[in-house]
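This note's numbering applies: residue 3 is where the sequence shown begins, and numbers increase by one.
Ideal placement from N, C-alpha and C gives every residue a C-beta, glycine not left out.
The structure appears below as C-alpha cells.
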Amino acid sequence: MLGRLNHVAIAVPDLAAAAATYRDVLGARVSPPQALPEHGVTVVFIDLGNSKVELLEPLGEKSPIASFLQKNPAGGMHHLCYEVSDILAARDHLVAAGARVLGDGEPKIGAHGKPVLFLHPKDFCGTLVELEEV
Ligand code: CO
3 MLGRLNHVAI AVPDLAAAAA TYRDVLGARV SPPQALPEHG VTVVFIDLGN SKVELLEPLG
63 EKSPIASFLQ KNPAGGMHHL CYEVSDILAA RDHLVAAGAR VLGDGEPKIG AHGKPVLFLH
123 PKDFCGTLVE LEEV
C-alpha cells in the first residue's frame, strides 16, 4: 500500500526566515510561498530530487499547527507524507485495521492538487502521517 516518501514537513514560526535559511545556508531550491487557507497553513517546498521538505507556517485563526508551535516555539518536524496509489482503498484498509483518520475521514485537496488524508500520530509511533494519492 505504502509508496514513496513524498515529503517531510517542518512547522516553523517564520516562513520567510526558514525559507531563507534553507536557500542561503543550505543552498536549497525553495519554491515561492503558497497560501492554503482550507488547511490553515502557508507552505514552501524544497525539492531534493528524491523527496521534498515542506516548511509550514500557520495561516489564520484556527491553524492546525498553532498548538504544535506553542509546544515547539522554534519549530520542529510536524509530519511525514507517504504516497499511495488509491487513497480511498488505503483509508478503508487503515480504518479496518483500527487506525484513526483525522477530520471527517474524507480526503481534502492538498498542496500539490492531489487528495490527502491525515492519520492519528498515536497510531503511528508518535508521528503524524499524511497520505497523498499520486
Ligand atoms: Co504535508
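What does DSSP give as the partner residue(s) for G78 in the beta ladder? Position 76 of the sequence shown, counted from the first residue, corresponds to residue 78. Paired residues: A13.
State yes or no: is the C-beta of A11 nearer than 6 Å to some heavy atom of the ligand CO? Here residue 11 refers to the residue found at position 9 when the sequence shown is read from its first residue. Yes, Cβ of A11 sits closer than 6 Å to a heavy atom of the ligand CO.
Quick one, are the C-beta atoms of G62 and G42 less than 7 Å apart? For this step, residue 62 is matched to residue 60 along the sequence shown. For this step, residue 42 is matched to residue 40 along the sequence shown. Closer than 7 Å, so yes.
Test item: CB-CB of L71 and P15 under 7 Å: By 1-based counting over the sequence shown, the position of residue 71 is 69. By 1-based counting over the sequence shown, the position of residue 15 is 13. Yes, the pair counts as a contact, with Cβ atoms nearer than the cut-off.
With 7 Å as the threshold, decide whether the Cβ of L71 is near any Cβ in chain C. Checking the listed chains, one finds no chain C in this structure; it contains a single protein chain.
Start and end of the alpha helix (DSSP H) containing I89? Looking up residue 89 in the sequence shown gives position 87. Residues I89 to A98.
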